[in-house]
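> If you scroll down you'll find the structure; I have some questions about it.
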Amino acid sequence: MKAWTSIIAAVIEAWQELRIHRTRVLLSLIGVAVAVCSITAVVALSGIAEEANIEQIEANQGQPANVSISVSSTGTIQPTYSELEPAFQMITKRYGIRYASAHGQGQIDAQFVDGAQGLQVTLADPAYAIMHVVSLSHGRWLDEADANRLAPAVVINETVYEELGSPTLASHPVIHLLGSPHTVAVVVGVVRGAAEPGYLAVYMTPGAYERVADPSLQNDSPPVEELWVPPKIAKALTPLVKQDLNQYLDGRYEVDVNRQDYLSQQQGDPLLLVKLVVGGIAVLILLLGALGLFNISMVTVRYRVREIGIRRSFGATATRVFFSVMMESVVATVAAGAIGVIAAILLIENPISQGYIARGITIVPPFPFSAAVIGIVSSTVVGALAGLLPALVAVRVKVIDAIRF
Amino acid sequence: MPLLRLTGVTRVVELPDDAPLHILRGLDIEVSVGDHVSIVGRSGSGKSTLLNILGLLDAPTSGTVEFDGRLASSLSARERDIARGREIGFIFQQFNLLGGRTALENVMAPLMYASGSQFWRRREIALDMLDRVGLADRAGTMPELLSGGEQQRVSIARALVRGPRLILADEPTGALDIETGGAVMALLDSVAETTGAALITITHDANVAALARRHFRLDRGVLTPIDVQRVIALASEGVTL
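Those sequence lines, one after another, are chains D and V. Position one of the first sequence corresponds to residue 40 (the numbering used here), numbered consecutively onward. Position one of the second sequence corresponds to residue -4 (the numbering used here), numbered consecutively onward.
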């Protein structure tokens, strides 16, 4: 109880001091608020960049752990996807793998109102969207029922969507594919992302592609099969899958099974260097802010020697004087830190900044909570450090001399 | 049992390039609850040093200081601070009010170091004390807007707000004119008597000293009792000691 009253009293005293010296405090805290705003913004941007980078990597390589099975020829005969499909189904069934998808590239021409243009085809199954974190702006992703369609289902990118005149998907828009034979494909969804002129991309299942694409344009090797498995079992699973497939295919083809996601390729944190540079700059900014506050605190405590002496005559213990001076610094910097964090949030979350950040990212990650925590914690630490020496000076004040000061 | 007892107290300050300076030389004094003691002496006689020792702000070089039956030297720094806050009220010549705070906040300041109901009821207690020194209507006024007499009354209220058993007044009228000084001393005497606190006034003004019941003279570090009639005579002649 006694300790509580001491703490409450110290906070009240600190607040009174801040109120009385508000102009001085305000001036000294501008530096801290700016420093905290900078550190929070930099940490937040770094966090957002990391999230965005991971999103991009996962879009290309799939979420960890992505085990990729590639089957290729040992001689002249190339395997076809339809030939390999039962082997892949056997693997997913045996190991209870819920998410598995083909992944390959192809190309096909399509007829638009302004002429024929080449389309980049990504061969994918229904599970691909989850495995590669595909986000749709319209419609839906490919599903199992699409295999039964006579007209193949395709998911297109925003560029193709614009080329088609951005029709509502409820009207079942189609693309005229100039394959062999010419086919009409139904657009079932549009992938989110800014339209890039010239980059016309569609997603379709490998089975559909085999049926509609010109055989001369089809790749020599079939698409790879990707398995999304828990990272901790990926290493043990890889040789087993390879062994099973070799047995199933009776050694007719070369089977290669590898982890393809970014976690398997990087040693440690891929953004460590960026983080260190950004962190170093942020710490420097904060140190400059702390130095300014420290200077002002030191000058202030010398002006307050008489007041401290008077308080000692009231019975203020050395501990209490130390705590009070520290509290003044900490209360002030925490307040400045909170303002700095709010400013950083406004800086990053406003529509103009979001417009810049959103370039090349489908979903802008939210403001990282950890950045706000770092901002508040660092302002508290700065307050404590900047208040430490002045508090020690205050404790060493000789009461007798101070009163006569 | 006396509230305060000094036995053979000396205070010597070592000087870097001179012989040690003997400020106090073997002082003996006892002060009980309800006492009113005056200590007179010229400037440089050691009055302030004695006040600091009496107020547990400084320690003697030799001799003992007993406060409330306990040797001051046996108390830790923290215990001395706490005892000072609880039992001793200081009144300074220059008032030493805290700037930027109202009269009420100044009187509340010592209660920030109290605990329990004294802390939680600090506003009410401080207002009551300001009322007792006749300044209830100036509670919200800043010290710089108060007259010298009013500032010293605030300082008295602040010294008494925790109900100390010992009041140490260092030249309490030194910064006031004669009339205001007389009024302030009358108030201090009256409040001290009401609360039953011991009052030690250190002054070089014979008029102020004459108000006390026991009188001492500090001369070159030696404390000697002086006759009340002598002080009254000096006071009537308007002597400044």
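Backbone N, C-alpha and C fix where the C-beta goes; we use that ideal spot for every residue, glycine too.
Helix, strand or coil for VAL412 of chain D per DSSP?
Helix.
> Below 7 Å on C-beta distance, what does PHE114 of chain V contact in chain D?
THR44, ALA48, listed in chain order.
> Any Cβ of chain V within less than 8 Å of the Cβ of GLU346 of chain D?
By this cut-off, GLU346 of chain D is an interface position.
> Mind listing the chain D neighbours of ARG73 of chain V? Cutoff is C-beta to C-beta under 8 Å, in chain order.
Chain D residues near ARG73 of chain V: THR356, ALA357, THR358.
> By the 10 Å Cβ neighbour count, where 16 or more other Cβ atoms means buried, how is GLN144 of chain D classified, buried or exposed?
Exposed: under 16 other Cβ atoms inside 10 Å.
> Can you tell me which of the three DSSP states GLN144 of chain D falls into?
Reduced to three states, the DSSP call for GLN144 of chain D is strand.
> Closer than 8 Å, CB to CB, is ALA187 of chain V near chain D or not?
No, no contact with chain D.
> What residue from D:LEU431, D:VAL373, D:PRO429, D:ARG58 has the CA that sits closest to ALA74 of chain D's CA?
Among D:LEU431, D:VAL373, D:PRO429, D:ARG58, the Cα nearest to that of ALA74 of chain D is on D:VAL373.
> Between GLY95 of chain V and the ligand NAP, is there a pair consisting of the residue's CB and a ligand heavy atom that are separated by less than 7 Å?
Because no ligand of any kind appears in the structure shown, any question about the ligand NAP cannot be addressed here.
> Write down the C-beta distance between ASP200 of chain V and THR168 of chain V rounded to the nearest angstrom, noting that I regard them as a contact closer than 8 Å.
Contact flag correct, Cβ pair sits at about 6 Å.
> To which residues does DSSP link SER33 of chain V through a beta bridge?
Partner(s): V:THR196, V:HIS210.
> Would GLU367 of chain D pass as an interface residue toward chain V - the criterion being a Cβ-Cβ separation below 8 Å?
Output row for GLU367 of chain D: interface = no.
> Quick one: which chain V residues come within Cβ less than 9 Å of PHE333 of chain D?
Chain V residues near PHE333 of chain D: none, gap ~23 Å exceeds 9 Å.
> Distance, Cα to Cα, SER71 of chain V vs GLY318 of chain D?
Whole-angstrom Cα-Cα distance: 46 Å.
> Pull the bridge partners of TYR200 of chain D from the DSSP assignment, please.
According to DSSP, which records beta bridges pairwise, TYR200 of chain D is partnered with nothing at all.
> Below 7 Å on C-beta distance, what does VAL438 of chain D contact in chain V?
What VAL438 of chain D touches in chain V: LEU52.
> Could you list the residues in the stretch 84 to 105 of chain V with a C-beta less than 8 Å from some C-beta on chain D, going in chain order?
Of all residues in the stretch 84 to 105 of chain V, PHE85, PHE87, ASN91, LEU93, GLY94, GLY95, ARG96, GLU100, ALA104, PRO105 have a Cβ within less than 8 Å of some Cβ in chain D.
> Let me confirm a value: ASP182 of chain D is counted as buried when at least 16 other C-beta atoms fall within 10 Å, else exposed. Which label applies?
It counts as exposed.
> To test your reading of the DSSP string, which unbroken alpha helix (DSSP H) runs of 4 or more residues are found completely within the stretch 150 to 205 of chain D?
Here the runs fully enclosed are 167 to 170, 197 to 202.
> By how many angstroms is the C-alpha of ALA152 of chain V removed from the C-alpha of ALA383 of chain D?
So the two alpha carbons sit approximately 49 Å from each other.
> Cβ of MET124 of chain V less than 8 Å from any chain D Cβ?
It does not; no Cβ of chain D falls within 8 Å.
> From V:ARG96, V:SER150, V:ARG118, pick the residue whose C-alpha is nearest to that of THR136 of chain V; which is it?
Ranking V:ARG96, V:SER150, V:ARG118 by Cα distance to THR136 of chain V puts V:ARG96 first.
> So if DSSP puts VAL229 of chain D in a beta bridge, which residue, or which two residues, is it bridged to?
Partner(s): D:HIS177, D:ILE195.
> Evaluate the contact criterion for the stretch 53 to 65 of chain D versus the stretch 114 to 132 of chain V: three or more CB pairs, one atom per stretch, below 8 Å.
The stretch 53 to 65 of chain D, when compared against the stretch 114 to 132 of chain V, does not touch it at the 8 Å Cβ threshold.
> Expressed to the nearest angstrom, what Euclidean distance is found between the alpha-carbon atoms of VAL35 of chain V and VAL26 of chain V?
In a straight line, the C-alpha of VAL35 of chain V is about 16 Å away from that of VAL26 of chain V.
> Report the neighbours of SER67 of chain D on chain V: residues whose CB is nearer than 9 Å to its CB, in chain order.
Near SER67 of chain D there are no residues of chain V at all, since even the closest Cβ is about 17 Å away, more than 9 Å.
> By the 10 Å Cβ neighbour count, where 16 or more other Cβ atoms means buried, how is TRP180 of chain D classified, buried or exposed?
Buried, because 16 or more other Cβ atoms sit within 10 Å of the Cβ of TRP180 of chain D.
> Is ASN389 of chain D helix, strand or coil by DSSP?
ASN389 of chain D falls in the coil class under three-state DSSP.
> Would you say ASP63 of chain V reaches chain D, if we count a Cβ-Cβ gap shorter than 8 Å as a contact?
Not one chain D Cβ lies under 8 Å of ASP63 of chain V.
> Of the residues D:MET337, D:VAL199, D:PHE362, D:SER140, which one's Cα is nearest the Cα of TRP267 of chain D?
Closest by alpha carbon: D:SER140.
> Roughly how many angstroms lie between the CA atoms of ASN196 of chain D and ALA224 of chain D, to the nearest whole one?
Each residue's Cα considered, the two are about 14 Å apart.
> What residues in its chain sit with their C-beta under 7 Å from that of ILE324 of chain D, if we drop five residues either side in the sequence?
Around ILE324 of chain D: ALA74, SER77, ILE78.
> For the alpha helix (DSSP H) containing SER77 of chain D, list its first residue and its last residue.
Its alpha helix (DSSP H) spans residues 61 to 100.
> Just reading off the alpha helix (DSSP H) that TYR287 of chain D is part of, what are its end residues?
It spans 270 to 287 - the alpha helix (DSSP H) in which TYR287 of chain D sits, taken as one unbroken run.
> Measuring CB atoms only, is the stretch 231 to 250 of chain D touching the stretch 184 to 203 of chain D, in the sense that at least three cross pairs come out at less than 8 Å?
The answer is yes - the stretch 184 to 203 of chain D touches the stretch 231 to 250 of chain D, with three or more Cβ pairs under 8 Å.
> Please classify PHE408 of chain D as buried or exposed, where buried requires at least 16 neighbouring CB atoms within 10 angstroms.
Classification of PHE408 of chain D: exposed, given that the 10 Å Cβ count is below 16.
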